[in-house]
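Number of protein chains: 2
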Amino acid sequence: MDARAEILAVAMRAFAERGFDGASLQDIADRVGIRKASLLYHFESKDLLRLAVLEQLLLRWNDVLPRLLMVAAGGGPRIGSVMDELVQFFSADPNRARLLLREILDRPDDMRRLIGKHVAPWVKVVADYIREGQARGEMHATVDPEAYVQQVINMVVSGVATASSLAGALIDEPPVAAGKASRPAGRRRAPTTPSAASARAERSGKELLRIARESLFRERPTRATKTAR
Amino acid sequence: MDARAEILAVAMRAFAERGFDGASLQDIADRVGIRKASLLYHFESKDLLRLAVLEQLLLRWNDVLPRLLMVAAGGGPRIGSVMDELVQFFSADPNRARLLLREILDRPDDMRRLIGKHVAPWVKVVADYIREGQARGEMHATVDPEAYVQQVINMVVSGVATASSLAGALIDEPPVAAGKASRPAGRRRAPTTPSAASARAERSGKELLRIARESLFRERPTRATKTAR
DNA sequence: CCTACCGATCGGTAGG
DNA sequence: CCTACCGATCGGTAGG
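First to last, the sequence lines map onto chains H and C. Our numbering puts the first residue of the first sequence at 1006, with every later residue one more than the last. Our numbering puts the first residue of the second sequence at 1006, with every later residue one more than the last.
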């Protein structure tokens, strides 16, 4: 593999998991299998490495953006698809969410500029789409489009980034099947079986989508089966 | 002021703003106005200082908890008040939200335990309250109570922590009055006037409350005018 | 609470 | 891409 690409991948993980200050160049170099000085041959400084990691993340985001905007502005009446696209991007690699969140905490002013430049434009598009939906009476008139989109983005990014701690601690596994496997009665459960973690993530993700939907659309989005009245 | 209390306050700010690794004992000591060695006389190690800061945060939370649980479980039908209590706690000092978010990112396993111990119990209470509301037909039957509360907590904490970057970049100031002050036509606006920032925060916060409400209650929360059925 | 000091590690450079 | 090295800073200790 291209050395630069491998360094970027390793650095991405390191910055996302331990933070920019917590991750050392020595540590990144070790994981790549080169000397620290060699790493600094490819990236002139730690800060330039950080910027390259961010740039790479933006590039990947630009891959899914066109699809997202087509779904939003084009024919499809499914704003749910926009959400799906968003959720999938960050769920595909939770370190993307963690990295962004850390950058926002570490360098809020820089990130405000970056978000204003790379995110605000398509948020505007989605917000306009919502305004159309409001005009057609499909969406709640009380929705504040920009603020709504901001809250949804926040929910998705932060939700993915904090899922292991928040969902892991607050959500029990779903009942699954009644008493299938014999779980020893003593302790509550294993620290976290991967399957249990994903079950929690699913419950959490389903609720996220429900909240986003229910707070946007006026009626059940599924063909109304003569609700009450 | 008590030296320990002053150190805790300064350390809280430092850890929240720069992260545990990014904040140095030297820096904290300087801001307190003592020597680093003196700081380590009050707190045996940097890690114990971190734990003391976290403990202090939990103590303050325990101050508002009883009020919150009374509102939720007691007579008041206002789950909105629970939200208000939550929002107010973190808005009163955004560093509380930043610190918690950083700890979740830095030590997810530790925080999962801490949340399971100190947060899960009252989440259960609120979730039970929601189940009652569902049984009475006041709240959507599709709500997953635990997952809902988790998402709302996530929204509030992350929302407060990232407000300056996310809301700051995505939300324009509200129209306020039409063309009251003469804003020079050239640049878009000042980097961020404090009043503009708070206006954004208000729009963002209002929408957060709306989303939480609309996705929970079946009808307009105002007195049901003979609900359907 | 201070002065004085420690080994370890940090990001980064010189030179090949 | 490497070896060899740098000054600065880190958390922490000894001793008063």
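Positions of the beta carbon are idealized from the N, C-alpha and C atoms, including for glycine.
- Counting C-beta pairs with one atom in each stretch, the segment 1135–1150 of chain C and the segment 1207–1225 of chain C have three or more that are closer than 8 Å, which means they touch.
- The alpha-carbon separation between LEU1214/H and MET1160/C amounts to approximately 13 Å.
- By the neighbour-count criterion, in which 16 or more other beta carbons inside 10 Å mark a residue as buried, TYR1153/C falls on the buried side.
- Close CB contacts of ALA1166/C within its chain, under the 7 Å cut and outside five residues either way in sequence, are with PRO1099, ALA1102, ARG1103, LEU1106 (chain order).
- In terms of beta-carbon proximity, MET1017/C stays away from the interface with chain H, with every pair separated by 7 Å or more.
- Proximity of ARG1117/C to chain H, defined by a Cβ-Cβ separation below 7 Å, is satisfied.
- Contact of ALA1166/H with chain C by beta-carbon distance below 9 Å involves LEU1106, ILE1109, LEU1110, SER1163.
- Looking at the backbone, the Cα of ILE1158/H and that of ILE1084/C are separated by about 24 Å.
- Against chain C, a Cβ distance below 9 Å from ILE1120/H picks out SER1170, LEU1171, GLY1173, ALA1174, LEU1175.
- Interface annotation, ILE1084/C: not in contact with chain H, CB-CB separation never under 7 Å.
- A Cβ-Cβ contact shorter than 7 Å links ARG1036/C with VAL1015/C.
- Taking each of SER1169/C, ASP1068/C, ILE1176/C, PHE1020/C in turn and checking the Cα distance to LEU1091/C, the smallest one comes out for ASP1068/C.
- Nearest C-alpha to ARG1118/H among ASP1052/C, SER1169/C, PRO1071/C: SER1169/C.
- In its chain, beyond the 5 residues on either side, ARG1205, ALA1206, SER1209 have a beta carbon closer than 7 Å to the beta carbon of ALA1172/C.
- In the three-state scheme derived from DSSP, where H, G and I count as helix and E and B as strand, MET1144/C is classed as strand.
- Residue contact check for ASP1026/H against chain C: a CB pair falls below 7 Å.
- Here the C-alpha atom of PRO1126/C lies approximately 15 Å from the C-alpha atom of VAL1076/C.
- Rounded to the nearest whole angstrom, the C-alpha separation of HIS1123/H and ILE1176/C is 14 Å.
- Rounded to the nearest angstrom, the Cβ distance from GLY1027/H to ASP1007/C is 31 Å, too far for a contact under 8 Å.
- Chain order gives the chain H residues near GLN1156/C as MET1160, GLY1164, SER1209, GLU1212, LEU1213, ILE1216, where near means a beta carbon separation below 8 Å.
- Annotation: THR1198/H is outside any alpha helix (DSSP H) and is labelled neither H nor E by DSSP.
- Taking a 10 Å sphere around the C-beta of GLU1060/H, we find fewer than 16 other C-beta atoms and assign the residue as exposed.
- Taking a Cβ-Cβ threshold of 8 Å, the residues of chain H close to ASP1149/C are ARG1208, LYS1211, GLU1212, ARG1215, in chain order.
- Contacts with chain C (Cβ-Cβ distance below 7 Å) from the segment 1047–1079 of chain H involve no residue at all.
- Fully enclosed alpha helix (DSSP H) runs of no fewer than 4 residues occupy 1113–1123, 1125–1140 of the segment 1102–1142 of chain H, in order along the chain.
- According to the DSSP assignment, LEU1171/C belongs to the alpha helix (DSSP H) that extends over 1150–1175.
- With a threshold of 7 Å between beta carbons, ARG1223/H makes no contact with chain C.
- GLY1121/H is positioned such that its CB atom lies no closer than 7 Å to that of ALA1042/C.
- In the DSSP assignment, LEU1045/C falls within the alpha helix (DSSP H) that extends over 1041–1047.
- Contact of GLU1219/C with chain H by beta-carbon distance below 7 Å involves HIS1145, GLU1219, SER1220.
- Residue contact with chain C for ALA1102/H: absent (no Cβ-Cβ distance below 7 Å to any residue of chain C).
- The three-state secondary structure of PHE1025/C, taken from DSSP, is coil.
- Annotated as proximal: LEU1030/C and LEU1044/C, with beta-carbon spacing under 7 Å.
- Setting aside the 5 residues that flank it on each side, GLU1151/C is surrounded in the same chain by ALA1132, each with a C-beta closer than 6 Å to its C-beta; the list follows chain order.
- Chain C places no beta carbon closer than 7 Å to that of VAL1037/H, leaving this residue out of the contacts.
- A buried status is given to ALA1217/H, since no fewer than 16 other beta-carbon atoms sit within 10 Å of its beta-carbon.
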